[in-house]
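Residue numbers (the working numbering): 17 to 313.
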C-alpha cells in the first residue's frame with residue numbers, strides 16, 4: 017500500500033476513535049449523574065441529610081392536682097360545754113285562795129249564782145253553814161237515813177194514802193203525785209255544773225266531814241256510797257205489796273222491802289216513775305263525781 021493510501025486509511029479511522037472517546041465521556045457523565053442520584057437518595061433515606069423538624073403541638077397545661085392536706089388532730093376544745101337550762105313548766109293560772117270554812121257561805125253562793133237552782137235551791141242557800149249542812153246531808157244519807165230537815169223541799173203533809181179492800185191494805189197509787197214537785201226539781205238540776213262548782217270547795221267539804229270524827233279524805237268515797245245506795249233501790253211496785261199496821265205507822269209485810277235502807281223505802285214510796293227519775297240522776301251524778309276526782313284528786 018502506498019503512503020497515500022495509508023494516510024487515507026489513517027484519516028478514515030479517526031472519526032471512529034473520536035466517536036469512541038465521545039461515548040465514553042457521555043457514559044461517564046451518565047454514571048456520575050446516576051451516582052449522584054443514588055447518593056442523594058441514600059443520604060435522604062438514611063437521615064443523614066437534615067430534614068425539616070416537624071412542629072409538635074405542645075399539650076395544654078394541666079393544673080396540678082393538689083393533694084389534700086393531712087387531717088390535723090383537733091385538740092379538745094377548752095370552751096365549757098353549753099349549759100342547757102332545765103325545762104320550767106309554765107306557771108299554773110292563778111287561783112283565788114279558799115276562804116276559811118266559817119267564811120265560805122258567800123263564796124259558795126257566788127260560785128252557784130249562774131246555775132239555775134229553782135225556788136227550792138235558792139231556799140237551800142239562804143241559811144248559813146252551806147258546806148257544813150251539805151256534808152251532814154251526805155253523812156246521813158250514806159248511813160241510809162232520810163235527812164228530811166236538810167232537804168230543801170218539805171215532806172208531804174198529807175198522810176200516807178192507802179187502799180183497804182177488806183182483805184189487804186196496799187199503797188194508794190194516787191199518793192205518788194205528792195212527790196212530783198221534788199222529782200221535777202231534781203230532774204231540772206244541772207248536775208255537771210253543780211258538782212263542778214262544789215268541787216272547788218272540796219277541801220272545805222273534807223274539813224267539815226272531819227267534824228263527825230271521820231277521816232276527812234273519806235268524804236270523797238262517802239258521796240259515791242250515798243249515790244250507790246240510791247241507785248241500788250230495787251224496782252218494786254209497792255201497790256201490790258201488803259201493808260200491816262205497827263203502832264201508828266204502816267210497814268211492809270214483805271221483810272225484803274222492810275229491810276231496805278230508809279232512803280230506799282222513801283224512793284219506793286215516790287212511785288215507779290219518780291223513783292226511776294231519781295235513780296237516773298244519781299247515776300249521772302256518780303259518773304260526774306268520779307271524773308272530778310280523777311281530774312282534781
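Ideal Cβ positions, reconstructed from N, Cα and C, are used throughout, including at glycine. As the structure is a prediction and not an experimental result, all values here were calculated from the model.
Between the alpha carbons of residue 226 and residue 181 lies a distance of about 51 Å. Closest option to residue 141, judged by alpha-carbon separation, among 273, 264, 128: 128.
Here residue 281 is buried, its C-beta having at least 16 other C-beta atoms within 10 Å. Taking a contact to require three or more Cβ pairs closer than 8 Å, the stretch 114 to 125 and the stretch 175 to 193 do not qualify as touching. Spatial neighbours of residue 302 in its own chain (CB-CB distance under 8 Å, excluding positions within 5 residues in sequence) are listed in chain order as 240, 243, 244, 247. Annotation for residue 122: the continuous alpha helix (DSSP H) segment containing it runs 121 to 127. Residue state for residue 104 is assigned as coil, using DSSP reduced to three classes.
In the pairwise beta carbon analysis, the stretch 144 to 159 is classified as touching the stretch 219 to 239: at least three pairs are separated by under 8 Å.
Annotation for residue 299: 247 place their beta carbon closer than 7 Å to its own, counting only its chain and skipping 5 residues before and after. Judged by their CB atoms, residue 292 and residue 263 are not nearer to each other than the 9 Å cut-off. Runs of beta strand (DSSP E) with 3 or more residues, each lying fully within the stretch 141 to 198, are found at 178 to 180, 185 to 187, listed in chain order.
Note that the C-beta distance between residue 160 and residue 278 is below 9 Å. For residue 261, the secondary structure class from DSSP, reduced to helix, strand or coil, is strand.
The C-beta of residue 268 has 16 or more other C-beta atoms within 10 Å across all chains shown, which makes the residue buried.
For the pair residue 285 and residue 195, the CB atoms are nearer than the 9 Å cut-off. Between residue 131 and residue 210, the C-beta gap is smaller than 9 Å, which places the two residues in contact.
CA-to-CA, the gap between residue 138 and residue 183 works out to about 46 Å. Taking the Cα of residue 172 as reference, the smallest distance to any Cα among 212, 150, 199 is reached at 199. Closest option to residue 236, judged by alpha-carbon separation, among 158, 266, 179, 202: 158. By the 16-neighbour rule on beta-carbons within 10 angstroms, residue 102 is exposed.
Of all alpha-carbon atoms in 216, 169, 201, the one lying nearest the alpha-carbon of residue 125 is that of 216.
The C-beta of residue 283 has 16 or more other C-beta atoms within 10 Å across all chains shown, which makes the residue buried. Secondary-structure assignment with DSSP links residue 267 through a beta bridge to 260. Here residue 229 is exposed, its C-beta having fewer than 16 other C-beta atoms within 10 Å.
In the DSSP assignment, residue 240 falls within the alpha helix (DSSP H) that extends over 235 to 247. As the crow flies, the alpha-carbon of residue 258 is around 10 Å from that of residue 179. Cβ contact annotation for residue 295 (same chain, cutoff 8 Å, sequence separation greater than five): 246, 247, 249, 283, in chain order. Taking 9 Å as the cut-off, the Cβ atoms of residue 212 and residue 104 do not count as close.
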